[in-house]
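Asker: Residue numbers (our numbering): 11 to 245.
What follows is a single structure, and I will ask about it in a moment.
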């Protein structure tokens, strides 16, 4: 196991940053943003983050769209974003009869097509994964457990648990949690997010939410590499 202080410090920083990133993306998909949240996101200067990442990556392109999408905000920006969120992610608008509601069952279930069918096998698999780790989706939100926001929040929780394991020098547990993270990312999120992304980009109207879709996809793809690096460091 990797036990040097510098390595532990780097691991802790990476795991903490992963949890923060996943919680940000989880929040963006959970419900429309409040006015205060719009201002907080604008103050993050996400377009500068995109410059630091360099040109060419989907994550950088997404951050740039998110940041620039809030540049000319005005008193009606929060309402416009809320409407765009509702029209797309709540399934009010459609493209060729298909709705882009962010549930794994809709895009990865055995029943697909013009009618969005919830509570299929992907929801059951998500629920089983949450329970294995002693984590429960927020029942107060009254959403099926395979909503993308819950899936991203679960990834954040796993990163937090792995960080706690590293702090406790339990590297075997940290490695197990990274294995679980890699499996969940590949088989529970990336298995359907691409189809959701392709459809949602045809429905979404604002540059900000187009950026959210891109940045999330780019981050998920980049995290596959990060998880591999963390596994190697913990082995």
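Don't be surprised by glycine CBs; every beta carbon is placed ideally from N, CA and C.
Quick check: what's the CA-CA separation for residue 223 versus residue 207?
Answerer: Approximately 6 Å between the Cα atoms of the pair.
Asker: Based on the DSSP secondary-structure assignment, which residues constitute the bridge partners of residue 255?
Answerer: With the chain represented from 11 up to 245, any question about residue 255 goes unanswered, as that position is not in the structure.
Asker: If contacts are defined as beta-carbon pairs under 8 Å, then residue 195 and residue 158 qualify, I think. What distance do you get, rounded to the angstrom?
Answerer: That pair is no contact at about 12 Å.
Asker: Quick one: residues in its chain with C-beta nearer than 8 Å to the C-beta of residue 35, no 5 flanking neighbours on either side, listed in chain order?
Answerer: 162, 222, 225, 226 and 229
Asker: Roughly how many angstroms separate the alpha carbons of residue 105 and residue 94, rounded to a whole number?
Answerer: 14 Å
Asker: Near residue 234, what residues of its chain come up, given a Cβ to Cβ distance below 8 Å and the 5 sequence neighbours on each side ignored?
Answerer: 192, 195, 196 and 200
Asker: Of the choices 150, 241 and 180, whose alpha-carbon is the least far from that of residue 188?
Answerer: 241
Asker: Taking a contact to mean a Cβ-Cβ separation below 8 Å, would you say residue 49 touches residue 77 in this structure?
Answerer: no
Asker: Please state the DSSP three-state secondary structure of residue 157.
Answerer: strand
Asker: Measure from the alpha carbon of residue 22 to the alpha carbon of each residue in 214, 217, 212 and 179, then state which is nearest.
Answerer: 179
Asker: Ignore the nearest five residues each way along the sequence and tell me which others in residue 118's own chain have a CB closer than 6 Å to its CB.
Answerer: Residues of the same chain with a CB within less than 6 Å of the CB of residue 118, apart from the 5 flanking positions on each side, are 132, 201 and 202 in chain order.
Asker: Mind reading off the beta-carbon distance from residue 181 to residue 244? Whole number of angstroms is fine, and I expect it under 8 Å.
Answerer: Going by Cβ atoms, the distance from residue 181 to residue 244 rounds to 5 Å, so yes, they are a contact pair.
Asker: Verify whether the separation of the beta carbon atoms of residue 80 and residue 52 is less than 8 Å.
Answerer: Judged by their CB atoms, residue 80 and residue 52 are nearer to each other than the 8 Å cut-off.
Asker: Using three-state DSSP, classify residue 24 as helix, strand or coil.
Answerer: Secondary structure at residue 24: helix, using DSSP grouped into helix, strand and coil.
Asker: So within the stretch 181 to 243, which uninterrupted alpha helix (DSSP H) runs reach at least 4 residues, ignoring any that extend past its ends?
Answerer: Runs of the alpha helix (DSSP H) lying entirely within the stretch 181 to 243, each at least 4 residues long, are 181 to 194 and 200 to 213 in chain order.
Asker: Using only the alpha-carbon positions, how far apart do residue 40 and residue 170 sit?
Answerer: 20 Å
Asker: In the DSSP assignment, find the unbroken alpha helix (DSSP H) run with residue 137 in it and report its ends.
Answerer: 131 to 142
Asker: When the Cα of residue 144 is compared with those of 151, 96 and 136, which residue comes out closest?
Answerer: 136
Asker: Taking the alpha helix (DSSP H) that residue 46 belongs to, which residues open and close that run?
Answerer: Membership of residue 46 in the alpha helix (DSSP H) is indicated by the continuous run 45 to 53.
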